[in-house]
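Trainee:
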Amino acid sequence: GNSVTQMQGQVTLSEEEFLFINCTYSTTGYPTLFWYVQYPGEGPQLLLKVTTANNKGSSRGFEATYDKGTTSFHLQKASVQESDSAVYYCVLGPLYYGGSGNKLIFGTGTLLSVKP
Amino acid sequence: GPKVLQIPSHQIIDMGQMVTLNCDPVSNHLYFYWYKQILGQQMEFLVNFYNGKVMEKSKLFKDQFSVERPDGSYFTLKIQPTALEDSAVYFCASSRDTNTEVFFGKGTRLTVV
Numbered sequence: 002g003n004s005v006t007q008m009q010g011q012v013t014l015s016e017e018e019f020l021f022i023n024c025t026y027s028t029t030g031y032p033t034l035f036w037y038v039q040y041p042g043e044g045p046q047l048l049l050k051v052t053t054a055n056n057k058g059s060s061r062g063f064e065a066t067y068d069k070g071t072t073s074f075h076l077q078k079a080s081v082q083e084s085d086s087a088v089y090y091c092v093l094g095p096l097y098y099g100g101s102g103n104k105l106i107f108g109t110g111t112l113l114s115v116k117p
Numbered sequence: 057g058p059k060v061l062q063i064p065s066h067q068i069i070d071m072g073q074m075v076t077l078n079c080d081p082v083s084n085h086l087y088f089y090w091y092k093q094i095l096g097q098q099m100e101f102l103v104n105f106y107n108g109k110v111m112e113k114s115k116l117f118k119d120q121f122s123v124e125r126p127d128g129s130y131f132t133l134k135i136q137p138t139a140l141e142d143s144a145v146y147f148c149a150s151s152r153d154t155n156t157e158v159f160f161g162k163g164t165r166l167t168v169v
């Protein structure tokens with residue numbers, strides 16, 4: 002079945018350090034992949050989206066590259082800030098638009114704590 | 057940006073009673089969703105809803121669950137009767153189309169005692 006795997010449950014960094022969060026996925030075909038971020042007391046919000054058409058997405062200094070060969074979709078940022086502290090979810094989107102009504106499959110999330 | 061509002065933010069209810077969770081989706085959105093997150097676990101899809109009908113539901117969407125959006129009012133999730141394992145945070149979400157961004161509310165924390 003369709004699934005995403007985030008092995009890192011928690012990452013702790015100091016400001017200006019490099020962030021790298023692993024994500025692998027399992028599905029058939031060519032999915033759309035997302036990273037969502039959830040701040041304390043809030044719902045998840047879209048951070049960035051990548052499709053097979055462009056293979057890479059970026060937003061607010063974060064980047065993710067989609068590698069179909071290794072079925073990976075890692076998130077990275079060159080220099081984190083304390084305000085980046087949040088839970089980051091790797092999310093698998095629908096294979097075919099319209100059929101599944103945009104059902105999202107969430108990974109288990111990675112809690113990022115950035116110390117000043 | 058667009059906001060999805062959820063009311064109430066926290067609900068405590070006795071096991072066996074009925075509860076209704078309310079959601080005010082983004083105004084021009086047509087697709088509505090409920091997700092469930094048990095404390096410390098991942099977000100899981102429950103159901104999506106379009107044009108007055110359930111499009112897809114997961115195994116978590118038990119027979120005791122129902123959704124509706126009568127005449128453009130709140131999009132609701134009703135649980136009747138509630139069980140202890142229904143305790144979780146329930147997130148409502150909406151999107152304009154099936155291939156556009158999904159916006160989430162802040163969630164309703166349901167505690168069944």
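For the record, the sequence lines run as chains A and C. The opening position of the first sequence corresponds to residue 2 in the working numbering, with each subsequent residue numbered one higher. The opening position of the second sequence corresponds to residue 57 in the working numbering, with each subsequent residue numbered one higher. Idealized CB from N, CA, C, for every residue including glycine.
1) Between Q7(A) and T72(A), is the Cβ-Cβ spacing less than 7 Å?
2) What are the boundary residues of the beta strand (DSSP E) that includes T111(A)?
3) State the DSSP-derived secondary structure class of G100(A), mapped to helix, strand or coil.
4) According to the Cβ coordinates, are F63(A) and C24(A) closer than 7 Å?
5) Check whether the Cβ atoms of V60(C) and G163(C) lie closer than 7 Å to each other.
6) According to a CB-to-CB cut-off of less than 7 Å, which residues of the region 138-169 of chain C neighbour chain A?
7) I want to see whether chain A comes within less than 7 Å of Q67(C), judged by CB atoms only; does it?
8) Taking Cβ-Cβ distances shorter than 8 Å, what residues in chain C pair up with P45(A)?
9) Where in the region 25-93 of chain A do unbroken runs of the beta strand (DSSP E), each at least 3 residues long, occur, reported from the N-terminal end onward?
10) Count the other C-beta atoms from every protein chain shown that fall within 10 angstroms of the C-beta of F105(C), then say buried if there are 16 or more, exposed otherwise.
11) Give a yes or no on whether the minimum CB-CB distance between K69(A) and chain C is below 7 Å.
12) In whole angstroms, give me the CA-to-CA distance for Q120(C) and Y31(A).
13) Compute the distance between the beta-carbons of E16(A) and P95(A), then report whether it is under 7 Å.
14) Which residue from Q67(C), Y146(C), V168(C), I135(C) puts its Cα closest to that of E43(A)?
15) Is it buried or exposed, Q73(C), if we count other Cβ atoms within 10 angstroms and call 16 or more buried?
16) Quick check on the burial criterion: 16 or more other C-beta atoms within 10 angstroms. Buried or exposed for Y40(A)?
Mentor: This is what the structure gives:
1) no
2) 111-116
3) With a pLDDT of only 45 at G100(A), under the threshold of 50, the placement of this residue in the model should not be trusted, and no figure is reported.
4) no
5) no
6) F147, S151, T154, N155, E157, V158, F160, G161, K162, G163
7) no
8) M99, F147, F160
9) 25-27, 34-39, 46-51, 57-60, 63-68, 73-78, 87-93
10) buried
11) no
12) 35 Å
13) no
14) Y146(C)
15) exposed
16) exposed
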